[in-house]
Amino acid sequence: STVGTSRSNGDIGKRVLCIQAHNDDCAIAVGGTIARLSSQGWEVGTIDLTDGRYGSHDIEPSTLVAQRQREAEAEQAILGADKLASLGIVDGTLPTLPDSQREIVERSIDQCIREFRPNVLLIPTASDAHPDHAATHDICSSLPRPPRCLLLKYEVWLMADFLYKRQDFASQMLVVGIDSILPAKVAA
């Protein structure tokens, strides 16, 4: 995949890359942060790993994929993000990818990271209850990061199951105030 963005701020110190299992994870978990950074001149890129086809019991998978793509385009426009890659892995299969397919996913993500050169990398936490989210964490954690690239983790589904969650090595939590851009977060 080739990294391309619709805008370039020329500032090597203002790029954030959000890697997500599903194309709405970043909007749900860190949409306010993305909108705030974008409004402050940061370049924001996203990588979607799965096609999201099984995100509903009421909508046919092929219809849902197209619907979620349209929604993601609208979310990105509202939040000021650019899609760098959409890998199209079948939803729900990230935890059980064969080694050969996982290597392709890792190479695709690594290429995007090398080309986009983020200063901040956002990935799901290992303790997220959704198997695709936790698998995205594991895939991303195995990859090298650029020098001076801050790794931040987000939780898409924060549920009251703390005793059963897989432990993550993060020892601090970062809270970003989004009051000024809350309407954009809600709209996305």
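Those letters in the sequence shown? Residues 6 to 193, by this note's numbering.
Even glycine gets a Cβ: it sits at the ideal position worked out from N, Cα and C.
On a predicted model such as this, the values are computed, not experimentally measured, just so you know.
Can you tell me whether residue i is buried or exposed? The criterion is at least 16 other CB atoms within 10 Å of its CB, across all chains shown.
{"i": "residue 142", "result": "buried"}
{"i": "residue 45", "result": "exposed"}
{"i": "residue 49", "result": "buried"}
{"i": "residue 79", "result": "exposed"}
{"i": "residue 58", "result": "buried"}
{"i": "residue 47", "result": "buried"}
{"i": "residue 156", "result": "exposed"}
{"i": "residue 104", "result": "exposed"}
Please work out which residues of its chain come closer than 6 Å, Cβ to Cβ, to residue i, disregarding the five sequence neighbours upstream and downstream, and give them in chain order.
{"i": "residue 56", "result": "70, 93, 96"}
{"i": "residue 77", "result": "28"}
{"i": "residue 32", "result": "80, 193"}
At which residues does the beta strand (DSSP E) containing residue i begin and terminate?
{"i": "residue 55", "result": "48-55"}
{"i": "residue 93", "result": "87-94"}
{"i": "residue 23", "result": "20-25"}
{"i": "residue 129", "result": "125-129"}
Please return the same chain residues whose Cβ sits closer than 8 Å to the Cβ of residue i, not counting the five positions on each side in sequence.
{"i": "residue 123", "result": "20, 21, 22, 50, 151, 154"}
{"i": "residue 37", "result": "181, 183, 186, 187, 189, 190"}
{"i": "residue 72", "result": "64"}
{"i": "residue 148", "result": "111, 114, 115, 118"}
{"i": "residue 83", "result": "40, 189, 192, 193"}
{"i": "residue 144", "result": "54, 99, 107, 110, 111, 114"}
Below 7 Å CB to CB, which residues in the same chain sit around residue i once its five sequence neighbours on both sides are set aside?
{"i": "residue 159", "result": "34, 35, 127, 129, 130"}
{"i": "residue 42", "result": "21, 49"}
{"i": "residue 1", "result": "A question about residue 1 goes unanswered here, because the residues of the chain that appear run from 6 up to 193."}
{"i": "residue 18", "result": "124"}
{"i": "residue 121", "result": "8, 20, 22, 50, 89"}
Please report the residue range of the alpha helix (DSSP H) in which residue i lies.
{"i": "residue 117", "result": "104-121"}
{"i": "residue 161", "result": "Careful: residue 161 lies outside any alpha helix (DSSP H) and carries neither H nor E."}
{"i": "residue 39", "result": "30-44"}
{"i": "residue 83", "result": "66-84"}
Exercise. Check whether the stretch 27-43 touches the stretch 106-121, counting contact only when three or more Cβ pairs, one atom from each stretch, lie closer than 8 Å.
Key: Using a Cβ-Cβ distance cut-off of 8 Å, the stretch 27-43 and the stretch 106-121 are not in contact, since fewer than three pairs of beta carbons, one from each stretch, lie closer than that value.
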